[in-house]
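Following my numbering, the numbering of the sequence shown begins with 27 at its first residue and continues without gaps. Heads up, the beta-carbon is just placed ideally off N, CA and C, and yes, glycines get one too. Scroll down for the structure; my scribbles are underneath it.
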Amino acid sequence: MVYRTSVYLVVGLLACSAEAMPAEPGERVIYVDASATGIYDGGSWANAYTNVQDALDDVELAEDCLAESPCEIWVA
């Protein structure tokens with residue numbers, strides 16, 4: 027089965043917080059921050075991926091990133 031995936035790349039400044047730009051209900055946010063030190067799963071700023079390619083791969087493989095419920099990639 028082939029899914030069409032929509033990816034929105036939101037480039038944020040380190041000064042911006044996640045509360046300043048909330049995602050729409052039902053949207054998944056994948057975080058990317060080169061200085062993250064967590065578990066690198068993209069689920070929060072603390073656990074962000076450290077490169078954009080990992081986030082893009084996550085979107086491509088994720089079943090919850092569909093046209094009806096798009097994912098956003100936030101980059102700090």
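Element boundaries [alpha helix (DSSP H), containing residue i]
i, result
"E53", "No alpha helix (DSSP H) contains E53, which DSSP labels as neither H nor E."
Residue i - containing beta strand (DSSP E), residue span
i, result
"E86", "Premise fails: E86 lies in the alpha helix (DSSP H), 78 to 87, not in any beta strand (DSSP E)."
"W100", "97 to 101"
Reference residue i, options the options, closest by Cα
i, options, result
"Y57", "I65, S70, G64, T63", "S70"
"A72", "A60, A93, E98", "A60"
Residue i and residue j closer than 8 Å at C-beta
i, j, result
"R54", "D83", "no"
"A62", "A81", "no"
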